Structures are given as C-alpha cells and as structure tokens.
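Residue numbers (UniProt numbering): 1 to 219. A virtual CB, placed ideally from N, CA and C, is assigned to each residue, including glycine. Computed from a prediction, not measured in an experiment: that's the story for all the values here. A short write-up of the structure that comes next.
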C-alpha cells in the first residue's frame, strides 16, 4: 500500500489529494486539518474531505501551473497537524432483517454469526463520519466490528432503497437516496440524510457520529 500522498488533476476545475496509507481516525484528522487550511487559500474555492482524501475545487480563476499548489499541499500535510472534530450524535432507529434487510441471511452465512449477533455487533459501536461522498448526504462511517466484514455483491442491485443500512467490505453505511448498490442491506431506517431545501442540505458532517438503535429484528 502506498504511504505517500498522490496529487492528481480532475479536469481543469479540481485537484484530488489522496493521502495513501491506512485509513484511521488519526489519518482522517490530518485530512480534516489539511481541509481547513486549504479552505483559506486564494487558489481554492472549496475543500471537501472524504475517505482518506481531499477534493479541492479551484477558485474562479484556475491556476495556470499547479506545481506550487502541489508543494503547498505537501508542506501543509507534512506538518502532521490533527484536527479533532466533536460533532453531534444522531441515533437511528433501524428495522433489521426480513424485508428490511434482504441480505441479512448472506451476511450471517459469510460471517458464521446469528441474526441476533449481527444486530448486536452492528448496533454497539458509535460510528464516526469520516466524510461525505458517493451521492448527496451519504456518509462514510468508521467503526464497524471486523467480525461483520462481508464482501460487496458481485452483481449490484438497481433498486436499493432510501435509508438502506448496509455492509460493504469493512464498512457500513446508510443510503441517502434510492439507487444502485453493491452493498449488503441488513436493515432500514427512515431518517432523511439529505434535503435540498434545508441549510445545510446534508444532515451529517465530518466528525459527527451515528448510533444504530434496533427497532425491530426479523429472524
């Protein structure tokens, strides 16, 4: 695994800073610190932290040469500064299994755990929002018990519902909108994560935390 940052252009409007290495809370705190610093630079209109990377949108006048911006990013990164974000805690009521979690049986078969054990292990941690991405309002969460690690589906489904609580590899997530997904749905929640009429439109921000609270468990 590459431990050195990789900086690449995304067309002419943005730059992607990929930190490399292992995704941990400490690593993500460095991403958050870099995001805060870069947000104040004249070359940058917006800095968006995600999972072990940072997306930087250029200001109205894109730089003709980005070498100096690359150097600036690396110098800031090498300061090894960490930003601790203490956000809100959101508790989500979840219906697990059955029609609410059509892939629960698959997760149980893969892990060798019972439905009760999967629900207990999934609902015990307090998950940290590392970043937003994939689709509006979608959170990348850290904290899944490694015993629940389950590979993503080989063939994605097209009608994954809004509020789907799912496991994909070593992560868990909540779908902020309906659409295709290769993750394993084990439950469903009815909390809205994105509302374009609200300010801000996304419910969660980096540093916020989520706790899953079992409402129903269908075996």
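Complete runs of the alpha helix (DSSP H) confined to the region 70-127 [at least 4 residues]: 104-111, 115-123
With a 10 Å radius around its C-beta and 16 neighbouring C-beta atoms as the bar for buried, classify residue 201 as buried or exposed. exposed
Please report the distance separating the alpha-carbon of residue 129 from that of residue 77. One C-alpha to the other measures close to 21 Å.
For residue 220, three-class secondary structure by DSSP: In the structure as shown, the chain starts at 1 and stops at 219, and residue 220 therefore has no counterpart that could be examined.
Under the three-state DSSP convention, the category residue 45 falls into: In the three-state reduction of the DSSP assignment, residue 45 falls in the strand class, which pools E and B.
What residues in its chain sit with their C-beta under 8 Å from that of residue 190, if we drop five residues either side in the sequence? 93, 163
Quick one: Cα of residue 197 to Cα of residue 112, how far? 44 Å
Looking at the secondary structure, which residues open and close the beta strand (DSSP E) in which residue 25 lies? Residue 25 -> not in any beta strand (DSSP E); alpha helix (DSSP H) instead, spanning 25-39.
Collapsed DSSP secondary structure at residue 146 in the structure displayed: Three-state DSSP puts residue 146 in a helix.
Are the beta-carbon atoms belonging to residue 148 and residue 209 less than 8 Å from one another? For residue 148 and residue 209, no; Cβs fall outside 8 Å.
Please report the residue range of the beta strand (DSSP E) in which residue 171 lies. 171-174
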